[in-house]
Each structure stands twice: as C-alpha cells, then as structure tokens.
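*Asks:*
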Amino acid sequence: GTPLRYMDKPSKDGGSADSWYSGVGNLDVHYSSGVANHFFYLLSEGSGAKVINGVSYNSPTSDGLPVTGIGRDKALQIWYRALTTKWTSTTDYAAARTGTLAAAGELYGTSGAEYKAVQDAWAAVNVGSRSGGGGGGGSSYENTTPVSIPDNGPAVTSAITVSGRSGNAPSNLQVSVDISHTWRGDLVIDLVGPSGTSYRLKNFSSSDSADNVKQTFTVNASAQTANGTWKLKVQDQAAQDVGTINSWKLTFP
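Here it is, written out as structure tokens:
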C-alpha cells in the first residue's frame, strides 16, 4: 500500500517537517521527527533525483545546495553511536548535530568525507552550517536594524548596500532571514536586487500558524550585478498578527 512515512521528503505524508524551523517542536512527535528522518536519508543517499531498488526519489535541501551521501552502512554507524553514547532524553536538533559530528569524528576522523557529510546533511535540514569555509571563504553583509511589519498592511523593506565586488552575484547567493511573527503564514517575503528584480523567498500560506521565519534561502541572482542596494521586502497579508524584521544577511560564497 501507501507508505506511512517518506524519509526522502517527509512532508509527502501531509504532516511531517522536511527541515527544522522554530515551531517544529509544536508538531506531533511523529511529524517533528521528519527533520531527523530527512537528515538520515540525505546522509545515506544524498540529495536530488535517483532510483533506488526501482523506486524513484527526489530529496530536496532547505538551502538549495546538494548533499553527497555516504551510504547506509556508515550513516547507521554514526547514528547508532550518537544515539547510544551522545544523546539524552532532552537532546534537541542542535545537540543531535553535535552528537553525530562527535560520533563521525570518532569513527572516521574529522577531516574526511563522512564528517563533512554530517555537517552538510544537517545544514540541508536547516540545522547548523555547511562544511565549506575553506580557502578564501565567503563574504557576508548584514543589516541588524529592526523594522516593524504592520498587520495586514503595506510592504516594508530593509536595505543592504554591497560594494567592492566585481561582476555579477552568484547563482547560490545565501539570504539569511530572522523575522519574529506570531503567524508566519501571513508573510510574503521577497529579495529585491539592485536592478529592481524581485526573487520570491516565501509565499503566503493561511494554514502556516507557526511562529517566526528564521531560515536561509538560496537565490540564483546571477543576472544581478553584485554591487548595489539589495532589499528584503516583507508584507503581512492577513489580519491579527504583527512582526519585526530583526536582521537579515547576504552571503556571497
């Protein structure tokens, strides 16, 4: 019959979470565990479209970046070691990441593909950062000035000016958003490039009653010049809840 749970994309069951967000702990435990299910699938099999044992899968990532799997045998060794030696009954997802990294380091070392895959698989479900950051690294630009979001009102913007870069923006521009809101489904969020072109980050959803938007989006902004004024545009499109843009950040890998 029909599967009860889908580890490649947990939300296919109609209730499970594909990635972490601030309200995931309010879900039924079988649905909130979708974050861990998805992490284990990505660690084992990797992201993207593939056929395994005649079944088609297409596993997404919350940051839009790929994950290369290390196989089920190594993934289960890391998970089991973390489960039996690192975690307690109060372990949350941040601590689960720490525990699996410790387990991977003990089993396979901290400089190999296994350790990096754990980092990348957690980042792909919006827990922690990617394994990158080697030579050269990326550059970030941030605006931490709060902007109030009026209830069911006009859009508000927060600007970041980028300078000193050459050429166009990358195809994997990272847009990190920290917004407080008591019914985040009300919000429509766009990134507006220097040319005025808008990139939709989040659509309106009347059923998404969770609090806050704390998420990193990946945008193909390669048609934009890197230098110039970038704007985060946020509009509340339903009544009864207000919020604040706490901060947002652009990261050029």
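In our numbering, the protein residues as written are 155 to 407.
Where is the CB? At the ideal position from N, CA and C, for every residue including glycine.
1. Helix, strand or coil for Gly188 per DSSP?
2. Rounding to the nearest angstrom, what Cα-Cα distance links Asn297 and Val178 in this structure?
3. From the DSSP output, in three-state form, read off Gly168 for me.
4. Residues in the same chain with beta-carbon distance under 7 Å from Leu181, minus the five sequence neighbours each way, listed in chain order, please.
5. Name the two residues that bound the continuous alpha helix (DSSP H) containing Thr252.
6. With burial defined as no fewer than 16 other Cβ atoms inside 10 Å of the residue's Cβ, what is the status of Ser201: buried or exposed?
7. Mapping the DSSP letters down to three states, classify Ala449 as helix, strand or coil.
8. Leaving out five residues before and five after Val281 in sequence, what residues of the same chain have Cβ atoms less than 6 Å from its Cβ?
9. Assign Ile206 to one of two classes, buried (16 or more other C-beta atoms within 10 Å of its C-beta) or exposed (fewer than that).
10. Is the region 223 to 241 touching the region 376 to 385, taking contact as three or more C-beta pairs under 8 Å?
11. Can you give the Cα-Cα distance for Ser210 and Ile303, rounded to whole angstroms?
12. Pick out whichever of Ser176, Lys403, Arg159, Thr398 has its Cα sitting closest to the Cα of Ser294.
13. Under DSSP, the beta strand (DSSP E) around Leu230 begins and ends at which residues?
14. For Ser376, which option in Val301, Gly347, Thr245 has the closest C-alpha, if you only look at C-alpha atoms?
15. Taking 8 Å as the threshold (C-beta atoms), are Lys387 and Thr147 in contact?
16. CA-CA distance, His192 and Pro164?
17. What are the partner residues of Val205, as DSSP defines its beta bridges?
*Replies:* Judging by the given coordinates:
1. Against the sequence shown, residue 188 aligns to sequence position 34. Gly188: helix per DSSP, three-state reduction.
2. Locating residue 297 in the sequence shown gives position 143, counting from the first residue. Locating residue 178 in the sequence shown gives position 24, counting from the first residue. When rounded, the distance between both Cα atoms is 27 Å.
3. The count along the sequence shown starts at 1 and reaches residue 168 at position 14. Note: Gly168 maps to coil in three-state DSSP.
4. By 1-based counting over the sequence shown, the position of residue 181 is 27. Cβ within range, chain order: Ala171.
5. Against the sequence shown, residue 252 aligns to sequence position 98. Where Thr252 is concerned, the enclosing alpha helix (DSSP H) stretches over 247 to 262.
6. Reading the sequence shown from its first residue, position 47 is the one you call residue 201. Flag for Ser201 reads buried.
7. Because the chain spans 155 through 407 in this model, residue 449 falls outside it and cannot be assessed.
8. The residue labelled residue 281 in the question sits at position 127 within the sequence shown. Same-chain partners within the cutoff: Trp174, Tyr247, Arg251.
9. Translated into positions along the sequence shown, residue 206 becomes position 52. Classification of Ile206: exposed, given that the 10 Å Cβ count is below 16.
10. no
11. One-based indexing of the sequence shown puts residue 210 at position 56. One-based indexing of the sequence shown puts residue 303 at position 149. Whole-angstrom Cα-Cα distance: 42 Å.
12. Translated into the one-based positions of the sequence shown, residue 294 becomes position 140. If we check each option's Cα against that of Ser294, Lys403 comes out closest.
13. The residue given as residue 230 occupies position 76 in the sequence shown. Run containing Leu230: none in the beta strand (DSSP E); it sits in the alpha helix (DSSP H), 226 to 239.
14. As a first step, residue 376 must be located in the sequence shown, where it is residue number 222. Out of Val301, Gly347, Thr245, Gly347 has the C-alpha closest to the C-alpha of Ser376.
15. Coverage of the chain is limited to positions 155 through 407, which leaves residue 147 absent and any answer about it impossible.
16. Stepping through the sequence shown from its first residue, residue 192 is reached at position 38. Stepping through the sequence shown from its first residue, residue 164 is reached at position 10. When rounded, the distance between both Cα atoms is 7 Å.
17. Numbered from its first residue, the sequence shown carries residue 205 at position 51. Looking at the DSSP assignment, Val205 forms a beta bridge with Ser210.
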